[in-house]
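Participant: One structure follows; several queries about it will come next.
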Amino acid sequence: MKAVILAGGLGTRLCEETYIKPKPMVEIGGKPILWHILKTYSCHGINEFIICCGYKGYIIKEYFANYFLHMSDVTFDMASNKMHVHENKAEPWKVTLVDTGDDSGTGGRLKRVKSYVQDEELFCFTYGDGIGNIDITESIKFHRRQNTLATITATYPQAKFGALKTSGSRVVSFQEKPKGDNAMVNGGYFVLSPKVIDYIDDDQTGWEQKPLERLAGEGQLAVFKHEDFWQPMDTLRDKNYLESLWVSGYAPWKIWE
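Quick note: to get this note's numbering, add 28 to the position in the sequence shown (first position is 1).
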């Protein structure tokens, strides 16, 4: 199974870091948060990724192009112009980096990578700035049982994002960034049928507006409830909080050795 990761936004609320790099490349424990997200999926047997690049996407490309250098000890023989990589620590990943435009909406970016997932039965889809100890394997099993086109992971965050109103295992309404009560919210980590891409109009379409609202209205959006750790990285405060968890040795999303 493939996972599509959104990694093209401007990240303006984290401008202390994002003026020089895309938000998914902001580091937690010396590794980009994007790396942490891929590691989480990899622990559930998903090792093929489609990264939707945009703002400063070349930095993400350069990171993966030089992955051996980032992860391994290296000897440079200057006289013979040779490089020897020691103790290869690379993950079993296949990463496709796609330029989905600097100004595309979240839905528009997904639509731009349609050709990479259109022949899949299902694929995973999430944001490049939120991590948690979501049981991705169970969410996929759950999705198969629901017989819907889409499953969204719902969680209780410290801040409000897309609020879900649920009935049993179905989402009956979806509202992005509401004001008011403490509802479960959009935690990303979707499981999707490629058919959902037909719900996206164009580059400017936000995945969280018309597509999800329509899927919910048609009874095609199931909800996988996650009541454990999940945290977005929207601000410097969020970044510092995640860093403090990592340094303390208590990083709930670290399910790998």
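Every residue gets a Cβ at the ideal spot worked out from N, C-alpha and C, and that includes glycine.
Nearest-angstrom Cα distance between Asp101 and Lys282?
Facilitator: If I take the Cα positions, the gap works out to 23 Å.
Participant: Consult DSSP for Pro50 and reduce its assignment to one of helix, strand or coil.
Facilitator: Correct three-state label for Pro50: coil.
Participant: Is it buried or exposed, Asp157, if we count other Cβ atoms within 10 angstroms and call 16 or more buried?
Facilitator: By the neighbour-count rule (16 or more Cβ atoms within 10 Å), Asp157 is buried.
Participant: If you drop the 5 nearest sequence neighbours on each side, which residues of the same chain put their C-beta closer than 6 Å to that of Pro280?
Facilitator: If we look at Pro280 and ignore the five residues flanking it on each side, its Cβ neighbours are Asn161, Phe257.
Participant: Hey, quick one: how far does the alpha helix (DSSP H) through Phe257 stretch, first residue to last?
Facilitator: Where Phe257 is concerned, there is no enclosing alpha helix (DSSP H), given that its DSSP letter is neither H nor E.
Participant: Give the single residue among Lys142, Ser272, Glu255 whose Cα lies nearest to the Cα of Lys30.
Facilitator: It is Lys142.
Participant: Any contact between the region 76–88 and the region 34–52? By contact I mean 3 or more CB pairs, one from each, below 8 Å.
Facilitator: Because the criterion of three Cβ pairs below 8 Å is met, the region 76–88 and the region 34–52 touch.
Participant: Can you say whether Pro120 is buried or exposed, counting buried as having 16 or more other CB atoms within 10 angstroms of its CB?
Facilitator: Pro120 comes out exposed.
Participant: Given this structure, state the Cα-to-Cα distance separating Asp266 from Ile159, to the nearest angstrom.
Facilitator: Spanning the two alpha carbons is a distance of roughly 11 Å.
Participant: Given a cut-off of 8 Å on the beta-carbon distance, is the pair Gln248 and Thr194 in contact?
Facilitator: Cβ distance not < 8 Å, so Gln248 and Thr194 don't count as in contact.
Participant: Per DSSP, what kind of secondary structure is Val251 in: helix, strand or coil?
Facilitator: Strand at Val251.
Participant: Which residues share a DSSP beta bridge with His72?
Facilitator: Answer is none; His72 lacks a bridge partner.
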